[in-house]
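S.K.:
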Amino acid sequence: MILSKGLEQAVCIMTLLATQNKEVPLASHVINRRLKGSSHSYIRKIIRKLVVSGLVSSVSGSNGGFSLAKEPKDISLLDVVEALEGPIHTYPNTGMINQVFFDRGPTADSGEKVLTSVFEQADDCYSSFLSNQTVEQLIRKSLASETIPVLNWNESMEKVESK
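For the sequence shown, position 143 (counting from the first letter as 1) is numbered 143 according to full-length UniProt numbering, and the numbering increases by one without interruption.
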């Protein structure tokens, strides 16, 4: 299973928002500039999914933008994956086993149930692991720091643009 590249972009957006000063929403144009090479419309779709899932809040107006709807310690990587990709379900079960082995009756049905069960268990393990990885933990591990820095990405982008 390969997750979409939108997930990587969503993780970057969540990291920007987790480190953004909570008093100042992160402007959408700053997110777009930071995610160079990504289409603005695609980034908007990602942010929309994060807002709809309740991970990100949107603030309207001239000083508007985006902020986390929850604390980084309360947002798991599973939350982000499911916001972008939907629930983890890796086995498609199209009924092919029963189709191919139609002449084997109960054996084919049993094989389909066994294989489906194995993948459901694997999905549960994967989901459980991701649910125990929070945005806060990822940032702290990445920075080798006990605290998450508080930045104003809006201002840092203004400085870059004025050079």
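Using N, Cα and C, we set each Cβ at its ideal position, and we do this for glycine too. From a predicted model like this one, the values you see are computed outputs, not experimental measurements.
Can you grab the Cα-Cα spacing for the pair F102 / H89, in whole Å?
M.R.: Computed Cα separation, rounded: 25 Å.
S.K.: Counting along the chain, where does the beta strand (DSSP E) carrying L35 start and finish?
M.R.: Per DSSP, L35 belongs to no beta strand (DSSP E) and is neither H nor E.
S.K.: Between S4 and L84, which are expected to be in contact by the criterion C-beta below 8 Å, what is the C-beta distance as a whole number of angstroms?
M.R.: The pair is a contact, with the Cβ atoms about 7 Å apart (cut-off 8 Å).
S.K.: Would you call the stretch 12 to 27 in contact with the stretch 52 to 69, where contact means no fewer than 3 C-beta pairs closer than 8 Å?
M.R.: Output reads yes: the stretch 52 to 69 touches the stretch 12 to 27.
S.K.: So, are the CB atoms of K70 and L55 less than 8 Å apart?
M.R.: Cβ distance < 8 Å, so K70 and L55 count as in contact.
S.K.: Starting from G95, trace the beta strand (DSSP E) in both directions and tell me its first and last residue.
M.R.: Looking at the DSSP string, G95 is not in any beta strand (DSSP E), and its letter there is neither H nor E.
S.K.: Within a Cβ cutoff of 7 Å, which residues of the same chain sit near Q133, ignoring the five residues on either side of it in sequence?
M.R.: Taken in chain order, the residues that qualify are S76 and L77.
S.K.: Taking all protein chains shown into account, decide if D124 is buried (16 or more other Cβ within 10 angstroms of its Cβ) or exposed.
M.R.: With fewer than 16 Cβ atoms within 10 Å of its Cβ, D124 is classed as exposed.
S.K.: Runs of 3 residues minimum, wholly inside the stretch 48 to 126: which ones carry the beta strand (DSSP E) assignment?
M.R.: Qualifying beta strand (DSSP E) stretches, in chain order: 56 to 59 and 65 to 68.
S.K.: Could you spell out the range, first to last residue, of the alpha helix (DSSP H) harbouring E136?
M.R.: Residues V135 to L143.
S.K.: Given 8 Å as the limit, is there contact between the stretch 29 to 41 and the stretch 140 to 159, that is, 3 or more CB pairs closer than that?
M.R.: Result yes; three or more Cβ-Cβ pairs closer than 8 Å.
S.K.: Where do the ends of the alpha helix (DSSP H) carrying T147 lie?
M.R.: No alpha helix (DSSP H) holds T147; DSSP gives it neither H nor E.
S.K.: Does residue 173 come out as helix, strand or coil in the three-state DSSP assignment?
M.R.: Coverage of the chain is limited to positions 1 through 163, which leaves residue 173 absent and any answer about it impossible.
S.K.: Could you tell me whether the Cβ atoms of I13 and L50 are closer together than 8 Å?
M.R.: Their beta carbons are under 8 Å apart, which means I13 touches L50 by this criterion.
S.K.: Give the single residue among V59, G86, N93 and S41 whose Cα lies nearest to the Cα of V114.
M.R.: The option with the nearest alpha carbon to V114 is N93.
S.K.: Compute the distance between the beta-carbons of A18 and V118, then report whether it is under 8 Å.
M.R.: Contact flag unset, no.
S.K.: Just reading off the alpha helix (DSSP H) that I2 is part of, what are its end residues?
M.R.: No alpha helix (DSSP H) contains I2, which DSSP labels as neither H nor E.
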